[in-house]
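In our numbering, the protein residues as written are 1214 to 1614.
Only one structure is covered here, and it is reproduced in the block below.
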């Protein structure tokens, strides 16, 4: 049974939702699932823009077959060759072998790697700025290398102003009937997942995202169709502003993220006490997380949101507690920069966590590390409250009012 939706007079969503997948890329938890978006243009020529993951191939192929209604498929545009968007390409071409595949030269190579030379022979490479006239529509191809794979391009419909944006502007989270962001509580429900998606998957490639945004600024974009998450037809400036910030590693909010690791609760107590002192110092936006109980992808997303970080950890085997070490590695891998950071360490006989955390942070760009590091031995002593208060006051003083 088909489940396709009309977006414009001759443009249709032919994707599907997966609510069973637990880990996106077998790495990132997605408790709300994910959507795999693909689009079919029915003009004088028929054009399919991207395919989907194997998990939803049945409904996808039924959608395409229903809408074609006996017509042939003239073109398949592959904007991104990652398997969650190209895994069904072979099955699709088995049904419509006459279809011409259009993609970047690097994607042609990847088609051969995934599916073999026979399928790669069906693909034709397109270059930056090249166009395809389908009748009423003219589609322009715009390369977007490393957003977030090297073969990526986006496709712009010059007539309707629709940008088919590959993985850019995507989000975790399945779609609950409504397809458009303006039909949803996007800021309340999807924004954390969109930020987490960007920070963990695309975040490292901020310079490349900025280059794509510069190209997009010259286009009359009236709608954005990503490969995951809601479709945008209103408030595009709001979305573009988010991406502009993220691509420059600029925090969204003047807020303090307190991320702590704790074996027996003593470091947690110190971190919670500091959070209370931050509140007393007038800091309004504080987010406290136990790094052992929170997936690291969520912490990376929060670090992109917040302007200030407090990292609190015990010493472990003469170094940094492993869960905090993991967080620091992921923050570095995501390219996080331009944050103010404070450290809190614990150690029963030889505190060394702060030294290790500081070394990790020094390998990241433009991180302002506060000199006032609080070191506790085993548990927080009453006499250390003034040091914690001084740290809270220093953090509060560096927040923009």
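In this text, a Cβ means the ideal position worked out from N, Cα and C, and glycines have one as well.
Here the structure is a predicted model, which means the values were calculated and not measured.
- For residue 1353, the beta-bridge partners assigned by DSSP are 1344, 1369.
- Setting aside the 5 residues that flank it on each side, residue 1333 is surrounded in the same chain by 1321, 1324, 1325, each with a C-beta closer than 7 Å to its C-beta; the list follows chain order.
- If you ignore the 5 residues before and after residue 1523, its C-beta comes within less than 6 Å of the C-beta of 1471, 1555, all in its own chain and listed in chain order.
- By the Cβ test, the region 1265–1273 is not in contact with the region 1282–1292, since fewer than three Cβ pairs between them sit closer than 8 Å.
- The three-state reading of DSSP puts residue 1381 in coil, since its state is none of H, G, I, E or B.
- In the displayed model, residue 1562 falls within coil according to three-state DSSP, outside both helix and strand.
- Note: residue 1292 is not bridge-paired with any residue in the DSSP secondary-structure output.
- Restricting attention to 1409, 1441, 1370, the CA atom closest to the CA of residue 1432 is found in 1370.
- Going by DSSP, residue 1452 is part of the alpha helix (DSSP H) stretching over 1449–1460.
- Residue 1589 sits in a strand when the DSSP states are folded into three classes.
- For a cut-off of 8 Å, the C-beta gap from residue 1464 to residue 1518 is around 7 Å, short enough to register as a contact.
- With 16 or more other Cβ atoms from the protein chains shown falling within 10 Å of its own Cβ, residue 1559 counts as buried.
- If you draw a straight line from the Cα of residue 1327 to the Cα of residue 1294, it comes to about 9 Å.
- Its Cα nearest to that of residue 1376, the residue 1434 stands out among 1451, 1434, 1505, 1305.
- Counting C-beta pairs with one atom in each stretch, the region 1479–1494 and the region 1421–1432 have fewer than three that are closer than 8 Å, which means they do not touch.
- Residue 1397 and residue 1218 have their C-alpha atoms roughly 17 Å apart.
- Between residue 1352 and residue 1368, the C-beta gap is smaller than 7 Å, which places the two residues in contact.
- If you ignore the 5 residues before and after residue 1407, its C-beta comes within less than 6 Å of the C-beta of 1384, all in its own chain and listed in chain order.
- Collapsing the DSSP output to three states places residue 1410 in a helix.
- In this structure, residue 1496 lies near residue 1469, with their beta-carbon atoms less than 7 Å apart.
- Between residue 1553 and residue 1521, the gap from beta carbon to beta carbon is short of 7 Å.
- Counting only residues of its own chain and dropping the five nearest sequence neighbours on each side, residue 1225 has a CB closer than 6 Å to the CB of 1217, 1219, 1253, 1280.
- Pairing residue 1302 with residue 1356 gives a Cβ-Cβ distance that is not under 7 Å.
- Residue 1395 counts as exposed, since fewer than 16 other C-beta atoms from the protein chains shown sit within 10 angstroms of its C-beta.
- It is roughly 38 Å from the alpha-carbon of residue 1262 to the alpha-carbon of residue 1578.
- Our two residues, residue 1419 and residue 1576, have alpha carbons roughly 17 Å apart in a direct line.
- The beta carbon of residue 1304 sits closer than 7 Å to those of 1270, 1274, all from its chain and outside the five residues before and after it, given in chain order.
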